[in-house]
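Below is one structure, written out as structure tokens, with a few remarks after it.
Numbering (full-length UniProt numbering), first residue to last: 1 to 214.
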């Protein structure tokens, strides 16, 4: 049963990333039912009274629609959207991603409301098919958080030297922050990478192949 307090539905949607060789990919499902029947979308669905937590709901929906049995502790909330686009009425969307990527051996199988499930590369989001419910907005937000977390925490980045990027508010001046990464041959800080993501407006449109920890 879907949660529908005061006429407001609550959904969880999940961005599931994996690293296949050197290519970043996410799992998308093809919708079996209206609205947007036949369109691709993020795995997700309604919160139910049987879900013991929001993370449990995200895990359940991911398992039901992709066949991926992901440990509960890996689910990480990105944002709560109270203005979610849905033709069926008022929706609140709880967006989740994972705290670390799945491996290229992760096996997917369509189920529940999904007629198909497929891994899609996200090096250029403009090549993705149309995503239902404006899920492209959710995907960009989740990838932005995922990549910043992954390269800062999972990859074990540490402070070693001053950042070499120019200050955004004072071009030509050295940045006062500490560098964590080498990007395009330049030692850069987290703020520089955040600006790169913001300017591009899409997670992996920033060329991360040239990014490495110091």
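Backbone N, C-alpha and C fix where the C-beta goes; we use that ideal spot for every residue, glycine too.
Scanning its chain for C-beta atoms nearer than 6 Å, with the 5 sequence neighbours on each side dropped, one finds around residue 82 the residues 92, in chain order.
Under the three-state reduction of DSSP, residue 105 is assigned to coil, being neither helix nor strand. With a minimum length of 4 residues, the unbroken runs of alpha helix (DSSP H) contained wholly in the UniProt domain "Nudix hydrolase" (1-143) fall at 54-66. Here residue 97 is buried: its Cβ has 16 or more other Cβ atoms, across all protein chains shown, within 10 Å. Distance between residue 48 and residue 189, taken at the CA atoms: about 42 Å. Your pair residue 122 and residue 16 does not check out as a contact, with CB atoms roughly 11 Å apart and the cut at 8 Å. Burial state of residue 59 is buried, judged by a 10 Å Cβ sphere holding 16 or more other Cβ atoms.
Counting only the Cα atoms, residue 138 lies some 19 Å from residue 114. Segment contact: the stretch 128-146 against the stretch 53-70, fewer than three CB-CB distances shorter than 8 Å; contact not assigned. Residue 70 and residue 110 have their C-alpha atoms spaced approximately 15 Å apart.
Here residue 61 has 12, 14, 43, 44 and 45 as same chain residues with Cβ atoms under 7 Å from its own Cβ, once five neighbours each way along the sequence are excluded. Each of 20, 7, 31 and 126 was checked against the Cα of residue 112, and the nearest Cα belongs to 31.
The C-beta separation of residue 9 from residue 90 comes to about 7 Å, placing the pair in contact by the 8 Å criterion.
Between residue 135 and residue 76, the CB-CB gap reaches or exceeds 9 Å. Excluding five sequence positions before and after residue 142, the CB atoms of its chain that fall closer than 7 Å to its own CB belong to 15, 78, 95 and 97, given in chain order.
Nearest to residue 23 by alpha-carbon distance, out of 104, 29 and 72, is 104. Counting only the Cα atoms, residue 56 lies some 7 Å from residue 72.
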